[in-house]
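S.K.: One structure follows; several queries about it will come next.
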Amino acid sequence: MDVIGQSGASIELYLFQRAKHLQYHCGDQIFLKEDATGFLCAIVDGLGSGKEAEKAAKAVVEVIGANNTLPNISDIVALANEALVGLRGAAIAIWRGDWDEQTITYCGIGNIRFYLLGTDDALIFPISSTGFLSGRKQKIRTQKFQYKPGSKFLMHSDGLTLAGVKRYLFTSSSVEATGHCIEGNVIDIPEDDVTFLVGAFK
26 MDVIGQSGAS IELYLFQRAK HLQYHCGDQI FLKEDATGFL CAIVDGLGSG KEAEKAAKAV
86 VEVIGANNTL PNISDIVALA NEALVGLRGA AIAIWRGDWD EQTITYCGIG NIRFYLLGTD
146 DALIFPISST GFLSGRKQKI RTQKFQYKPG SKFLMHSDGL TLAGVKRYLF TSSSVEATGH
206 CIEGNVIDIP EDDVTFLVGA FK
């Protein structure tokens, strides 16, 4: 799956996803929503792969969708954690961009990666909390970063192995061209679910 999108006038996106062994069920799930105040984005990676991993990840995404207007993303993550009782666990990376403040508030639990070019063009790479959502009590922390118009970002599940991340974000190439370049690192029949999202703030 490849998606190239220009949502409103605030953000440009390129989304890529390919399931493990090209199977029907994908344990990686994505949530994207933009409104007048900002942009909410999440990648959820159900543990393992296949139908049960997909079921867990979809349960998290459904909770995010139902509670996307909550002001604190830590509250959204806490509710998503509760939804996984009796299901496989899931890693999550979720962030909210605020158009007026030009900030990103980020929360990550597990091995999903997020990179952002900050206001001084330094590469920001927040460290996610260890573990995964499972229904058990989980420490949830958020981090806040500033961005500027033109800042690029990259977010990906652990199915993507990518060396030299800086060169993909510092390039003057379009988001679409950058996405195609990153896509070249994904094998035709991957050994794990692969999802990545590259974008730029306008």
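All the letters of the sequence shown, read from the start, carry residue numbers 26 to 227 under the working numbering. The beta-carbon is built from N, C-alpha and C at its ideal position, and this holds for glycine as well.
#1: Please return the same chain residues whose Cβ sits closer than 6 angstroms to the Cβ of LEU57, not counting the five positions on each side in sequence.
#2: My assumption, with CB atoms under 8 angstroms, is that ILE129 sits in contact with PHE170. Please give the rounded CB distance.
#3: According to DSSP, which residues form a beta bridge with LEU148?
#4: Measure the C-alpha to C-alpha separation of ASP27 and ASP145 and round it to an integer number of angstroms.
#5: Based on the DSSP output, what are the partners of GLY63 in its beta bridges?
#6: Would you mind listing the alpha helix (DSSP H) stretches within the region 184-210 that are 4+ residues and don't spill past its ends, in chain order?
#7: When the Cα atoms are used, what is the spatial distance from HIS46 to ASN92?
#8: So, at 8 angstroms on beta carbons, what are the nonlocal neighbours of ILE214 in its own chain, with the 5 sequence-adjacent residues on each side left out?
#9: Measuring alpha carbon to alpha carbon, tell me which of ARG138, GLN127, GLU107 ends up nearest LYS162.
#10: Excluding the 5 residues preceding and the 5 following ALA103 in the sequence, name in chain order all residues of the same chain whose CB lies nearer than 7 angstroms to its CB.
#11: Quick one: Cα of PHE221 to Cα of LEU141, how far?
#12: Tell me whether VAL69 sits in a helix, a strand or coil according to DSSP, three-state version.
#13: If contacts are defined as beta-carbon pairs under 8 angstroms, then SER99 and CYS132 qualify, I think. What distance do you get, rounded to the angstrom?
#14: In this structure, how does DSSP classify ALA84 when only helix, strand and coil are distinguished?
#15: Please classify ASP53: does DSSP put it in a helix, a strand, or coil?
#16: Please report the residue range of the alpha helix (DSSP H) in which VAL102 lies.
#17: Which residues in the same chain have their Cβ closer than 8 angstroms to the Cβ of ASP218, if we skip the five residues on either side of it in sequence?
#18: What does the alpha-carbon distance come out to for the pair ARG192 and LYS173?
#19: Counting C-beta neighbours from all protein chains within 10 Å, is the total for PRO96 16 or more, i.e. buried, or is it exposed?
M.R.: To lay it out plainly:
#1: CYS66
#2: Correct: roughly 5 angstroms between the Cβ atoms.
#3: LEU142
#4: Confidence at ASP27 is low in this model, with a pLDDT of 39, below 50, so the placement of that residue is unreliable and no value is reported for it.
#5: ASP123
#6: 190-195, 200-208
#7: 33 angstroms
#8: HIS46, LEU47
#9: GLU107
#10: For ALA103, same chain residues with a beta-carbon under 7 angstroms away, outside a window of 5 residues either side, are ILE165 in chain order.
#11: Each residue's CA atom was taken as its position, placing PHE221 and LEU141 some 14 angstroms apart.
#12: strand
#13: 6 angstroms
#14: helix
#15: strand
#16: 98-107
#17: GLN42, ARG43, ALA44, LYS45, CYS51, GLY52, ASP53, ASP70, SER74, ALA78, SER182, GLY184
#18: 18 angstroms
#19: exposed
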